[in-house]
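With the first letter of the sequence shown counted as 1, position 662 gets the number 662 in the UniProt record's numbering; the numbers rise by one all the way through.
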Amino acid sequence: MVEITIDGKTVEVAEGSMIMHAAQKVGLYVPHFCYHKKLSIAANCRMCLVDVEKAPKPLPACATPVSNGMVVHTASEKAINAQKGVMEFLLINHPLDCPICDQGGECQLQDLAVGYGGSSSRYSEEKRVVFHKNLGPLVSAEEMARCIQCTRCVRFGQEIAGVMELGMINRGEHSEITTFVGRAVESELSGNMIDICPVGALTSKPFRYSARTWELARRKSVSPHDSIGANLIVQVKNDRVMRVVPFENEAVNECWISDRDRFSYEGLNSEDRLSVPMVRGTDGLWKEVEWAEALDAVAAGLQSVKNSYGAGQIGALAAQYATTEEFALLARLVRALGSDNIDFRLRQTDAGFDAARSGAPWLGMALADIATLDRVLVVGSFLRKDHPLLAQRLRQAAKAGTQVILVDVAADDPLMPVAGRVTVAPAALPSVLAEIAVALAQAKEAAVAPELAGVQPGEAARRIAELLASGENTAVLLGNLAVQHPQASTLAANAQLIAQATGARLGFTTEGGNTVGGYLAEAVPVRGGKTAAQMFAEPLKAHIVVHAEPALDAADGVAALRALRAAQFNVALTSFRSAAEDWAHVMLPIAPFTETSGTFVNAEGRAQSFKGTVRPLGQTRPGWKVLRVLGNALELPGFDDETSESVRDAVLAGEIAPRLSNAIGAKPGVGESVQGLQRVADVPVFFSDAIVRRAGALQATPAADVPEARANAATVAGLGLADGDRVRVKSATGSVELFLSVDDAVPAGAVRIAAAHASTFALGGAFEQLSVERA
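Right, here's the structure in full:
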């Protein structure tokens, strides 16, 4: 430790720290622009010049290492004059357009100019002109003349997002930030550039000119879009969500959020919002009704099915971003009716997974612990699409020395160093893990599991086993695709073998914003009921569907719609009309996460409660209230809760940790081989749920383009086709026409076609076998 004196205060800081760090430790603010605690030091704005005794001139606080006995003055006459001089230079070319700047009222330059800027300028020459840049539909760079070349955006891309999308060209006053020729900013974290820009050069394009910052009320919330549970500040004007920015929580999302978290609010304001209860008449036409009439229709429909066919013909389905309270009351409702058919895991296909697990699957560690790992094996995950912020944490860990190993079905660039990788068709995933487990057993001269007795590990498996065995703090993480896999139980059992052989922690990244909460609320079959896949395969007579859009949220949307359309009665508790109008008999408008109170439990088992940020739209009601009143309408016991907090407390009473478990009871194995072309079906990052799919700006990005059929060069040549051909892709359920693209990230024997998209809906299941021919 090094002891220095700063503005008369003595402080100890670690050797190698900068004066800026010492100032922050004692609560002193040093003006700055280019410095950011999460980015490398650039020292190019010079606004943080301070007076260091015995130094011949002021020194930048962000880039001057401390030394023992150093005496620093941050507000002496010498320091203040230096800071004022820098501010004068920064304002020489800055346009005086604060009244019309979107950053006005929350601009770092504006704030510091009050204290360090002059009342007039000595610069009378012409100001420089910098032309606007097109960075895509999310980030606006229309006024780049405001840029002060702090390079925060450049460093963010390189160091946090992992891809250099912006850079600086030219020198001196001709310097400017720009993109590579013909490229937009397409990182899944790009919106954070808006937050860290200290001036109005980079602003939010969807929010642009829609409100002034001082008109907005700020309310805390939690993101529902993935299992991180990023903390948000929802900014509101006239009961309308206008903007979403991160709320800093170092243990969860640090100071970042993904673009999906930031811009999905547009879906909340979409024209597709359902705001009035609706009932389908005998003529097939929808009509608006009062809540009492709609609830009576639901009660009558469910009671009729129960009386005619038995309670076992009623099923409940939910989306993975329903609140814990909604899950709990849905489960309570269905079981009070006498059924155990309830599931929120609409993409899960292995019926044996529930029997294999021993508790609620979770990450197996705190999110912050990822930084402490020295080896991590990630199995079956499209990391950057499924969990952008988890990928960011792994990226920082990899830069610090963590060896990241990937076993996946598409060799997408993770934008981080990868120590080992095996990419295979989906059916081969269990076999790869079996090889790694056997290689570990052989290396340790331990007994090989009898189920894997005939497995001969390949060179890649031995290399991965060697890497894992050399680690001291290791984790094995199963991604979304691994859990959705038809052989998920075998995959998890093999992963458990690997974890046991290396002393690693076994974890599940978990799919939705409240997957762990769904398990804790027992919104899954517990007494022999049917899973979602079984409900679709063996259609029921009635369904209660909460938040879900089965056509795009289910593993096999074709089977889901077929089952729903064949039912005698369906009630949809939904925020969006188009999600249910072609199969429901009653639609009840329920609130999205911004209009209700509730709780999400993230992958690390952290329960995060939130309040509504705006009033419910029209006659929309919170989902938990609708389910409670529906229980009353059906005259069922146990529906007396007056607040969402009482529902939450009934579910989460006591410690959550003992109910979380990644222990797998299934036997390991090599899985089943599959002949023919296999489908690799990723869920595009901006199609993960109903809210995101209705966000206009996100749907205008390249990541939301119509999917292509992608295959490697050898597979394409074997089919007698060429890059760019229009092809017809057939599955057991239907066919679609797409353009073919050569992509060597796709393994041999597979074709990559995204799921959750209307253009690929007809192909059905995510693990279907396909045939491809020229259209």
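All C-beta atoms in this analysis are idealised placements derived from N, C-alpha and C, irrespective of residue type, glycine included. The structure presented is a predicted model; accordingly, all values stated were derived computationally and were not measured.
Check: Between residue 790 and Ser17, which are expected to be in contact by the criterion C-beta below 8 Å, what is the C-beta distance as a whole number of angstroms?; Outcome: Nothing about residue 790 can be reported from this structure: the residues present for the chain run from 1 to 775 only.
Check: Pull up the CB-CB distance for Ile196 and Arg243, whole angstroms please, since I reckon it's below 8 Å.; Outcome: About 16 Å; that fails the 8 Å criterion.
Check: Tell me the DSSP secondary structure of Lys611 in three-state form.; Outcome: coil
Check: Between the region 264–282 and the region 556–565, do at least 3 Cβ pairs fall closer than 8 Å?; Outcome: no
Check: Contact between the region 487–497 and the region 666–685: three or more CB pairs below 8 Å?; Outcome: yes
Check: Buried or exposed: which applies to residue 777, given that a residue is buried once 16 or more other Cβ atoms fall within 10 Å of its Cβ?; Outcome: For the chain, the structure presents residues 1 to 775; residue 777 sits outside this window and is missing.
Check: In chain order, what residues of the same chain have a beta carbon less than 6 Å from the beta carbon of Thr490, not counting five sequence neighbours either side?; Outcome: Pro430, Gly669, Gly671
Check: List, from N- to C-terminal side, the alpha helix (DSSP H) runs of 4 residues or more that fit wholly inside the region 158–227.; Outcome: 192–196
Check: For the candidate residues Ala551, Gly338, Gln608, whose alpha-carbon lies nearest to that of Asn253?; Outcome: Gln608
Check: Could you check if Thr643 is buried or exposed, using at least 16 other CB atoms within 10 Å of its CB as the buried criterion?; Outcome: exposed
Check: Would you call the CB atoms of Leu363 and Leu477 closer than 9 Å?; Outcome: yes
Check: Measuring alpha carbon to alpha carbon, tell me which of Phe569, Val524, Glu522, Arg679 ends up nearest Leu540.; Outcome: Phe569
Check: Would you list the one or two residues that DSSP bridges to Thr760?; Outcome: DSSP, once it has assigned bridges, lists no residue as partnering Thr760.
Check: Go ahead and pull the three-state DSSP assignment for residue 811.; Outcome: Residue 811 lies beyond the residue range present for the chain, which begins at 1 and ends at 775; the question has no answer from this structure.
Check: Which whole-angstrom value is the C-beta distance of Arg752 and Arg710, which I expect to be below 8 Å?; Outcome: 4 Å
Check: With Met87 as the anchor, note down where its beta strand (DSSP E) starts and where it stops.; Outcome: Note, Met87: premise wrong, no beta strand (DSSP E); alpha helix (DSSP H) at 77–92.
Check: Inspect the beta-carbon positions of Ile233 and Arg212 and report whether they are closer than 9 Å.; Outcome: no
Check: Return the bridge partner residues of residue 776 from the DSSP annotation.; Outcome: Because residue 776 is not part of the residues shown, which for the chain are 1 to 775, the question remains open.
Check: Tell me the DSSP secondary structure of Phe508 in three-state form.; Outcome: strand
Check: Going by beta carbon distance, what residues of the same chain come within less than 7 Å of Phe247, once the five residues before and after it are set aside?; Outcome: Lys220, Asn231, Leu232, Ile233
Check: Give the DSSP bridge partners of Asp51, in chain order.; Outcome: His73
Check: Could you check the C-alpha separation between Trp583 and Arg565 for me, to the nearest Å?; Outcome: 5 Å
Check: Assign Ile19 to one of two classes, buried (16 or more other C-beta atoms within 10 Å of its C-beta) or exposed (fewer than that).; Outcome: buried
Check: Does the region 731–739 come close enough to the region 526–536 that 3 or more CB-CB pairs lie under 8 Å?; Outcome: no
Check: What first and last residue would you give for the alpha helix (DSSP H) that runs through Arg463?; Outcome: 459–469
Check: What residues match up with Trp286 in a beta bridge as DSSP calls it?; Outcome: Arg280
Check: Between the region 347–363 and the region 548–555, do three or more beta carbon pairs fall short of 8 Å?; Outcome: yes
Check: Which residues mark the beginning and the end of the beta strand (DSSP E) in which Met242 is found?; Outcome: 240–246
Check: Please give me, in chain order, every unbroken run of the beta strand (DSSP E) with length at least 3 that falls completely inside the region 547–607.; Outcome: 569–574, 586–589, 598–601
Check: Output the distance between the C-alpha atoms of Ser578 and Val241, rounded to the nearest integer angstrom.; Outcome: 21 Å
Check: Determine the closest residue to His94 out of Met168, Cys147, Val729, Tyr321, with distance taken between C-alpha atoms.; Outcome: Cys147
Check: From Val685, Gly118, Gln456, pick the residue whose C-alpha is nearest to that of Arg262; which is it?; Outcome: Val685
Check: Would you mind giving the Cβ-Cβ distance between Ala443 and Ala465, rounded to the nearest angstrom? I have them listed as a contact below 8 Å.; Outcome: 6 Å
Check: With a CB to CB cut of under 7 Å and the five nearest residues on each side skipped, what residues in its chain are close to Val236?; Outcome: Leu216, Ala217, Arg219, Met242, Thr613, Val614
Check: Got a sec, what are the start and stop residues for the alpha helix (DSSP H) Ile233 sits in?; Outcome: Ile233 -> not in any alpha helix (DSSP H); beta strand (DSSP E) instead, spanning 231–237.
Check: Quick check on Val516: does DSSP put it in helix, strand or coil?; Outcome: helix
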